[in-house]
Amino acid sequence: MSAVVRRLLDLVYPRRCVFCRRILEREPGFVCDDCLTHLPPAPEITGRGEFYQTAVGACSYAGSVREAVIRFKFSGASFCAEPFGALLADAVRGKLDGAFDLITFVPISRLRRRGRGYDQAELLAQAVGSALGMPVVRTAVKVRHTGRQSRLSTAAARRANVQNAYRAFRPEQWAGKRLLLIDDILTTGATVSEVSRVLLSAGAKAVVCGAFAVTPLKESS
1 MSAVVRRLLD
11 LVYPRRCVFC
21 RRILEREPGF
31 VCDDCLTHLP
41 PAPEITGRGE
51 FYQTAVGACS
61 YAGSVREAVI
71 RFKFSGASFC
81 AEPFGALLAD
91 AVRGKLDGAF
101 DLITFVPISR
111 LRRRGRGYDQ
121 AELLAQAVGS
131 ALGMPVVRTA
141 VKVRHTGRQS
151 RLSTAAARRA
161 NVQNAYRAFR
171 PEQWAGKRLL
181 LIDDILTTGA
191 TVSEVSRVLL
201 SAGAKAVVCG
211 AFAVTPLKES
221 S
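This note's numbering puts the first residue of the sequence shown at 1, with every later residue one more than the last.
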């Protein structure tokens, strides 16, 4: 997109901060200075899930972050992938530098992708890869459509919901590699645990995880 077209679009549809929705008065970006300074830090992830070595998050899934993620997933705000990915890439640089060879993502089902129009975790992974200058590969597909994890209240129910829902995809392309598995939200860790299990069983050397938003511990069970 040319700079001229971008300016014309900004006149008709002014850019707003993805978090507070205020009109941005300067370029570039999608986050205002105030939100960038006061984003709630990701809570502790240790002890959530298994099979992956460690995980990092960019923000806490609360307040304006929660509202922005909901718009990203359910209201067609695919452009959120760029700022979310940049923030997650910063967290990855700080805590996972040198811990992975390739970036991948938790896939959604074909039915959900058809309804949503895109896979939000895939877009997020592409944005992280662009920020880090690292390749992104598809390593798994979702072979069984499942109900939303957010509607389940316990860790046991979440684990059961995603059990055997994923299958490795072309493992010959990434077997023996260390993978960074990206998802939009991490709550109990059930989903990234199941995908990590599948990837390790198919030959991945190790899996570490990154999530844009991490649910506060008091909301996890």
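We treat Cβ as the ideally placed atom computed from N, Cα and C, and that holds for glycine.
{"Item": "Look at the alpha carbon of PRO40 and the alpha carbon of THR215, and state the distance between them as a whole number of angstroms.", "Value": "11 Å"}
{"Item": "Which value, in whole angstroms, describes the spacing of the CA atoms of LEU199 and ILE70?", "Value": "28 Å"}
{"Item": "Is THR188 near VAL162, with beta carbons less than 8 Å apart?", "Value": "no"}
{"Item": "Near THR139, which residues of its chain fall below 7 Å by C-beta distance, leaving aside the five closest residues on each side in sequence?", "Value": "THR104, ALA168, PHE169, TRP174, LEU179 and LEU199"}
{"Item": "Whose C-alpha, out of THR54, VAL195, SER201 and ARG110, is nearest the C-alpha of PHE100?", "Value": "THR54"}
{"Item": "On a CA-only basis, which of CYS59, GLY63 and SER64 is nearest GLY85? Give me that one, please.", "Value": "CYS59"}
{"Item": "Which same chain residues end up closer than 6 Å to ALA204 when comparing Cβ atoms and leaving out the 5 residues on each side of it in sequence?", "Value": "LEU179"}
{"Item": "Output the boundary residues of the beta strand (DSSP E) element that contains SER130.", "Value": "Here SER130 belongs to no beta strand (DSSP E); instead the alpha helix (DSSP H) covers 120-132."}
{"Item": "Secondary structure at LEU9, three-state DSSP: helix, strand or coil?", "Value": "Caution applies to LEU9, whose pLDDT of 45 falls short of 50 and renders its modelled position unreliable; the model cannot decide the point."}
{"Item": "Along the chain, which unbroken stretches of the beta strand (DSSP E) at least 3 residues long are found entirely within the stretch 64-152?", "Value": "102-105 and 140-142"}
{"Item": "Compare the C-alpha of ARG148 against each of MET134, LEU36 and ALA165 and name the closest.", "Value": "ALA165"}
{"Item": "Which of the three DSSP states, helix, strand or coil, is assigned to ALA42?", "Value": "coil"}
{"Item": "Looking at C-beta atoms only, is the number of pairs between the stretch 154-161 and the stretch 116-127 that lie closer than 8 Å three or more?", "Value": "no"}
{"Item": "In whole angstroms, what separates the C-alpha of ILE185 from that of ALA42?", "Value": "11 Å"}
{"Item": "Nearest to THR37 by CA position, among PHE19, TYR118, GLY115 and ALA89, is which residue?", "Value": "PHE19"}
{"Item": "For my contact list, LEU217 and GLU44 are in at a C-beta cut-off of 8 Å; report their separation, rounded to the angstrom.", "Value": "7 Å"}
{"Item": "With a threshold of 16 other CB atoms inside 10 Å of the CB of ARG108, please say whether the residue is buried or exposed.", "Value": "Note that residue 108 corresponds to Ile in the displayed sequence, not to Arg. The residue is buried, with at least 16 neighbouring Cβ atoms inside 10 Å."}
{"Item": "Hey, would you say CYS17 sits closer than 8 Å to LEU24, going by beta carbons?", "Value": "yes"}
{"Item": "Using the C-alpha atoms, what's the distance from GLY176 back to VAL65?", "Value": "35 Å"}
{"Item": "Can you look up LEU24 in the DSSP assignment and give me helix, strand or coil?", "Value": "coil"}
{"Item": "Identify which residue in ALA213, SER196 and ALA211 has its Cα closest to the Cα of GLU50.", "Value": "SER196"}
{"Item": "So within the stretch 178-202, which uninterrupted alpha helix (DSSP H) runs reach at least 4 residues, ignoring any that extend past its ends?", "Value": "190-201"}
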